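Only one structure is covered here, and it is reproduced in the block below.
Numbering (the working numbering), first residue to last: 10 to 159.
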């Protein structure tokens, strides 16, 4: 079931299936290299990802030729997004905004998420999408910033 599509860019958003797990992990690992401050946590974060794939609402962005190019993990009742990842070659195509839009629709309320304080690119992207910082839970090199969606 397609929940949102972007005909010009060629991607669509749909609920994940068990068959998507490997592709989701691939996107996760491709982007994880951008977070050197988390290098020592990769195994633990990958285990957490696998757990959340079984216990949360998961959406994937998919393009017919490329396969899964992004994903979002949502705790819908809490309106909390634990993961939003888009493959590097697919950024700036509206995928993250689309995933967040569908997530908000599922939750029925404004979404919240945490971003590593060192992840300046993500902080900039959320700010440009109209998200507001609500809580600073750390300092550079440690901690996260909490955002709430528009």
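Note that beta-carbon positions come from the ideal geometry of N, C-alpha and C, so glycine has one too.
In this text, all values refer to a predicted model and were calculated from it rather than measured experimentally.
Inset, instruction - Kindly indicate which residue of 127, 131, 34 has the alpha-carbon position closest to the one of residue 77. - result: Of the candidates 127, 131, 34, the residue whose Cα lies closest to the Cα of residue 77 is 34.
Legend entry - Straight-line gap, residue 23 to residue 144 (C-alpha atoms, nearest Å): In this structure, the alpha-carbon of residue 23 lies about 31 angstroms from that of residue 144.
Inset, instruction - Pull up the distance between the alpha-carbon of residue 63 and that of residue 52, whole angstroms please. - result: Going by the C-alpha atoms only, they are around 17 angstroms apart.
Inset, instruction - Pull up the CB-CB distance for residue 104 and residue 139, whole angstroms please, since I reckon it's below 8 angstroms. - result: That pair is no contact at about 17 angstroms.
Inset, instruction - Could you tell me the distance, in whole angstroms, from the CA atom of residue 6 to the CA atom of residue 59? - result: The requested residue 6 is not part of the displayed model; the chain covers only 10 to 159.
Inset, instruction - Could you have a look at residue 103 and say whether DSSP puts it in helix, strand or coil? - result: In the structure shown, residue 103 sits in coil (DSSP, three-state: anything other than H, G, I, E or B).
Legend entry - Local conformation of residue 9 per DSSP, three classes: Coverage of the chain is limited to positions 10 through 159, which leaves residue 9 absent and any answer about it impossible.
Legend entry - Whole-angstrom C-beta distance between residue 112 and residue 90, which should lie under 8 angstroms: Contact flag correct, Cβ pair sits at about 6 angstroms.
Inset, instruction - Express the C-alpha separation of residue 98 and residue 38 in angstroms, rounding to a whole number. - result: Take the alpha-carbon of residue 38 and the one of residue 98: they are about 14 angstroms apart.
Inset, instruction - Could you check what DSSP says for residue 142 in three-state terms: helix, strand or coil? - result: In this structure, residue 142 counts as strand in the three-state DSSP scheme.
Legend entry - Cutoff 6 angstroms; reference residue 117; Cβ partners in own chain excluding five residues on either side: If we look at residue 117 and ignore the five residues flanking it on each side, it has no Cβ neighbours.
Legend entry - residue 70 - DSSP class collapsed to helix/strand/coil: DSSP, read as helix, strand or coil, puts residue 70 in strand.
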